[in-house]
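One structure below.
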Amino acid sequence: RDTASVMSASTFTFSAALVGGARVQSKVEKRTITGARAALRVENRVAIRFTRMGRKKEPFYRIIAIDSRARRDGLPIQQLGWYDPIRKQSSLDAPAIKDWIAKGAQPSETVGALLKKALIIS
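Our numbering applies: residue -7 is where the sequence shown begins, and numbers increase by one.
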């Protein structure tokens, strides 16, 4: 369904008195803008991304499969591993991650780099 967005045209005139008695007039015009706007369509997809755990200034992340529209710390579909950026350690469930990617799940940029480093994806 197409919805059109239209902005109305109008003219504004401003008049201001300056120090010294001189007056200045300024004219500003708004033009009409008409355009068709496609309806936003959000596709359902599964994302593989981090959810933050740990405490203040001591991050710890779980790697989860989650609906891409859900918030960062939302309820995951499945937990796939964890990553500790302070100790640079991780534990990944490689068969489950490969299974989700085969089903069409999209890893985030950061998780994708971690999976490449662990040689789970190429």
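Glycine residues also receive a C-beta, built at the ideal position from the N, C-alpha and C atoms. Here the structure is a predicted model, which means the values were calculated and not measured.
Inter-residue CB distance, residue i and residue j (contact presumed, cutoff 8 Å)
i	j	result
Ile89	Ile56	So it is not a contact: roughly 11 Å between Cβ atoms.
Reference residue i, options the options, closest by Cα
i	options	result
Met45	Ile78, Asp59, Ser60, Glu35	Ile78
Asp85	Gln70, Glu50, Thr102	Gln70
Ala62	Ile40, Lys80, Pro51, Gln81	Ile40
Leu72	Arg64, Asp65, Lys80, Pro87	Pro87
Alpha-carbon to alpha-carbon, residue j and residue i
i	j	result
Thr43	Ala97	16 Å
Pro99	Lys48	25 Å
Asp76	Glu35	31 Å
Ile58	Leu67	7 Å
Glu50	Val103	19 Å
Lys108	Ser60	21 Å
Ala110	Lys80	12 Å
Ser114	Lys95	17 Å
6 Å CB neighbourhood of residue i in its chain, flanking five on each side removed
i	result
Trp74	Arg54, Ser83
Val38	Ala57, Ala97
Trp52	A small fix is needed here, since residue 52 is Phe in this sequence, not Trp. Cβ neighbours of Phe52 beyond the five flanking positions: Met45, Gly46, Asp76.
Chain-order list of residues whose beta-carbon lies under 7 Å from that of residue i (same chain, five-residue window excluded)
i	result
Glu101	none
Asp65	Thr43, Arg44
Leu106	Tyr75, Ser82
Burial state of residue i (16 or more Cβ within 10 Å)
i	result
Trp92	buried
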